[in-house]
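Student: Per the numbering used here, numbering through the sequence shown is continuous, rising by one, with the last residue being 576. Glycine is no exception: its CB is placed at the ideal position from the N, C-alpha and C atoms. Quick caveat: nothing in here was measured; it's all calculated off a predicted structure.
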Amino acid sequence: MPDYLMRNRIMGRLGISSEGYEDYVQFDEYERWEEREKLIEFVEDSRWSEARNLLDNLFTKWTNVNMVEKQFLLDMKARILMHEGGSDEYIFELYNEIVSETIGPNLNFSNRGQLILSPVEIYYVVWWLLYMPTSYKSVNEIIEIFDALIVGIENSYLEAIAKAKVLPFAVFAYQTCIERLKISEKNKELWNHTEVAINILKKTERFYYLKELVSVRYKLGLAIAIEINYIELEQEVVAIIENIKDRYDIGILMFQSGYIYRDSIVNCIAEVIHNRRRMLGITRTNLADGVCSLRTLERIEACKSRPQQEVMKGLFEKLGLLAEYRRAEIVTDDIEIINAFIRYRVAINQKNLDVAFAKMDFLIEKLDCNYVSNKQAIIRMLNVRKKIEGQINEQIYVKNIETALSLSVPYNISNSEYYYLTDGELVLLYSIATHIEKWGWQKKILDVCNDYQGPMLISHFPSYELIKDWEASELGNHGDYDESNSISEKIIRTTFRLHRFHGLYMALYNVCWNNYEKNKTEVTLLEYNSGVLACKKICDFCENKRAVMYQNMLK
22 MPDYLMRNRI MGRLGISSEG YEDYVQFDEY ERWEEREKLI EFVEDSRWSE
72 ARNLLDNLFT KWTNVNMVEK QFLLDMKARI LMHEGGSDEY IFELYNEIVS
122 ETIGPNLNFS NRGQLILSPV EIYYVVWWLL YMPTSYKSVN EIIEIFDALI
172 VGIENSYLEA IAKAKVLPFA VFAYQTCIER LKISEKNKEL WNHTEVAINI
222 LKKTERFYYL KELVSVRYKL GLAIAIEINY IELEQEVVAI IENIKDRYDI
272 GILMFQSGYI YRDSIVNCIA EVIHNRRRML GITRTNLADG VCSLRTLERI
322 EACKSRPQQE VMKGLFEKLG LLAEYRRAEI VTDDIEIINA FIRYRVAINQ
372 KNLDVAFAKM DFLIEKLDCN YVSNKQAIIR MLNVRKKIEG QINEQIYVKN
422 IETALSLSVP YNISNSEYYY LTDGELVLLY SIATHIEKWG WQKKILDVCN
472 DYQGPMLISH FPSYELIKDW EASELGNHGD YDESNSISEK IIRTTFRLHR
522 FHGLYMALYN VCWNNYEKNK TEVTLLEYNS GVLACKKICD FCENKRAVMY
572 QNMLK
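1. Buried or exposed for Y440, going by 16 or more other Cβ atoms inside 10 Å?
2. By Cβ distance below 6 angstroms, which residues in the same chain neighbour L340 in space, the five residues on each side in sequence not counted?
3. Pick helix, strand or coil for C289, following the three-state DSSP scheme.
4. For K420, name the three-state secondary structure that DSSP assigns.
5. So what does Y42 bridge to, in DSSP terms?
6. Quick check on DSSP: helix, strand or coil for R283?
7. DSSP state of R100, grouped into three classes?
8. Excluding sequence positions up to five away, which residues of its chain have a Cβ less than 8 angstroms from the Cβ of L60?
9. If we ignore side chains and look at the alpha-carbon of each, how far apart do S507 and N436 end up?
10. Mapping the DSSP letters down to three states, classify R521 as helix, strand or coil.
11. With a 10 Å radius around its C-beta and 16 neighbouring C-beta atoms as the bar for buried, classify K325 as buried or exposed.
12. Would you call the CB atoms of W69 and E105 closer than 9 angstroms?
13. Is there at least one Cβ from chain C nearer than 9 angstroms to V293's Cβ?
14. Measuring alpha carbon to alpha carbon, tell me which of I417, V553, L519 and F517 ends up nearest C533.
15. Put R227 into one of helix, strand or coil per three-state DSSP.
16. Tell me where the alpha helix (DSSP H) around W148 begins and ends.
17. Within 8 angstroms, do at least three Cβ pairs link the segment 494 to 514 to the segment 199 to 214?
18. Output the distance between the C-alpha atoms of N29 and R348, rounded to the nearest integer angstrom.
19. May I have the straight-line CA-CA distance separating Q371 from E504, to the nearest angstrom?
20. Spatial neighbours of Q572 within its chain, please: C-beta separation below 8 angstroms, excluding the five flanking residues on both sides.
21. Is DSSP giving C324 helix, strand or coil here?
22. From what residue to what residue does the alpha helix (DSSP H) around S314 run?
23. Does the Cβ of V46 have 16 or more other Cβ atoms within 10 Å, making it buried, or fewer, making it exposed?
24. So, under 8 angstroms CB-CB, R364 and K380 are touching, yes? Tell me the CB distance rounded to an integer number of Å.
25. What residue ranges within the segment 42 to 77 form continuous beta strand (DSSP E) runs of no fewer than 3 residues, ordered along the chain?
26. Out of Y195, K158 and S159, state which residue places its alpha-carbon closest to the alpha-carbon of V172.
27. To which residues of the same chain is G134 closer than 6 angstroms at the C-beta, ignoring the five residues directly before and after it?
28. Starting from G552, follow the alpha helix (DSSP H) in both directions and report where the run begins and ends.
29. List the whole-angstrom C-beta distance separating D444 from E350, where the pair is believed to meet the contact cut-off of C-beta under 8 angstroms.
30. Looking at the unbroken alpha helix (DSSP H) that takes in C198, where does it start and where does it end?
31. When the Cα atoms are used, what is the spatial distance from V217 to H481?
32. In chain order, what residues of the same chain lie with their CB nearer than 6 angstroms to the CB of A568, ignoring the 5 residues before and after it?
33. Should H523 and E226 be called a contact, given that it needs their Cβ atoms to be closer than 9 angstroms?
34. In terms of residues, what are the limits of the alpha helix (DSSP H) holding Y116?
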């Protein structure tokens with residue numbers, strides 16, 4: 022079975038983004054994942070000495086690394102050299118080695134629309150082209166490859182999130198390269214590429230390279246006589262982002278960002294088995310029965326043995342989990358169904374109910390209800406719709422969610438010291454806890470989130486953001502404004518590592534509301550309205566119907 026990195030690479034080449042998936046990895050893989058995340062954190066936080074020391078240590082420690090892991094280490098080395106002022110020639114040589122590992126230096130994108138590279142490989146190719154000297158390839162060859170690469174990304178079957186991670190960077194790098202090589206006849210073509218890149222950012226509510234793209238668009242607009250007010254909203258949103266960065270002293274530059282490596286939720290198999298078993302109150306003897314020896318299970322839970330696939334399958338099935346190394350909230354191999362579910366979640370978050378309900382009807386028809394997680398997803402979707410349409414009250418809503426959760430977690434786990442919940446189960450538990458006054462349930466979801474620190478926080482951020490935003494709102498409602506703001510600030514800081522708009526505008530609104538409620542003055546009223554207007558503009562940019570909600574919140 023391919024390891025975690027290789028699975029991501031294969032899925033990426035198939036055009037599938039790993040975001041929204043949960044990965045189960047062996048304990049030694051998990052340790053390496055934690056070290057990679059720590060290195061990314063050091064680079065992002067400009068802790069350059071620590072980054073250099075850890076990188077050197079990993080080069081020494083990780084002998085016989087596979088080509089994918091080697092590419093990661095070389096990329097981190099190049100990023101550190103960019104900060105240290107390393108020569109362009111040396112940085113190019115590093116990316117040339119990276120590209121040669123899995124792609125080969127003789128790239129040919131002449132068959133446009135047939136780009137069979139993963140997002141991270143495309144990312145490496147962009148850096149490779151950006152640092153490529155004209156002594157390696159001619160100016161025309163560099164521009165031709167860049168142009169074909171960008172068109173290839175635009176026409177590829179990469180999912181929207183995967184495109185969003187690479188297209189804005191590629192377009193910005195293309196413009197930088199054109200400027201360096203003093204080429205002007207590409208301005209109109211480049212403008213069209215920026216349009217596509219901006220639209221994919223809007224669609225996915227991300228802001229990868231948004232500032233850089235808008236700057237490029239301003240210059241191009243002047244050069245080809247396009248009305249500059251056409252990009253006025255884009256400029257306003259960039260100004261909002263920069264203002265937030267200044268306010269919270271967030272200094273991550275794009276060349277430092279490790280966003281390209283941030284994808285699925287990562288879980289250690291040993292910890293999942295131990296914590297899930299304890300949560301469900303199953304003894305080791307009972308869990309091991311018919312699957313493996315008690316001694317084998319003890320060694321697996323102690324991170325001293327890697328379970329073979331058949332053993333893992335047997336243990337996971339007894340624990341109510343899908344016995345796969347990678348799982349999604351729904352079980353299907355139909356990409357149309359996967360995309361419909363992604364679109365449903367986006368639409369429901371954006372209050373775009375017509376689209377959400379249309380996707381829901383499609384999913385109910387297509388999902389295989391022999392899988393528990395599919396049943397749970399359908400119950401939750403139907404429940405949300407009925408509640409919005411006023412067909413059910415709070416009591417029935419909660420009862421239906423409890424029924425869905427009981428399909429995989431058959432009894433109350435609120436008093437359990439240990440826990441492992443899938444992301445789908447955690448969302449169900451959140452739906453229960455936030456609709457009824459049961460402190461045990463509320464404490465459980467908060468305990469889960471409070472355990473997310475460092476790499477785990479980044480990995481589990483979508484569910485963390487959902488639950489902690491609710492907690493921050495509740496604290497504010499009860500007058501604990503400073504504690505509420507502290508939670509929202511952490512959400513804001515993390516969104517800048519992931520470049521996600523959703524968590525940004527939700528947390529920003531909470532801070533504005535808290536500050537006004539804490540001290541109602543003309544100054545705080547102006548700050549409140551300014552903050553709410555910023556949230557509205559972000560939603561306008563993303564074509565998110567929450568913009569109407571924020572408009573109505575202006576005082």
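Tutor: According to the structure shown:
1. buried
2. R297
3. strand
4. helix
5. Per the DSSP secondary-structure output, Y42 pairs in a beta bridge with A349.
6. coil
7. helix
8. A72, L75, L76, L79 and M97
9. Whole-angstrom Cα-Cα distance: 27 angstroms.
10. strand
11. exposed
12. Yes. Within cutoff.
13. Included in the structure is just one protein chain, with no chain C present.
14. V553
15. Strand, per DSSP.
16. Segment P140 to L151, the alpha helix (DSSP H) holding W148.
17. no
18. Roughly 13 angstroms between the two C-alpha positions.
19. 27 angstroms
20. K557
21. coil
22. First-last for S314: undefined, no H or E at that position.
23. buried
24. Between the beta-carbon of R364 and that of K380 there is about 5 angstroms, and that keeps the pair under the 8 angstroms contact cut.
25. 42 to 46
26. Y195
27. In this prediction, G134 scores a pLDDT of 49, lower than 50, which makes its location untrustworthy; the coordinate-derived value is nonetheless stated afterwards. N176.
28. Here the alpha helix (DSSP H) through G552 covers E543 to F562.
29. Under the criterion of beta carbons closer than 8 angstroms, D444 and E350 qualify as touching, at roughly 6 angstroms.
30. A181 to R201
31. 29 angstroms
32. K557, C560 and D561
33. yes
34. D109 to T123
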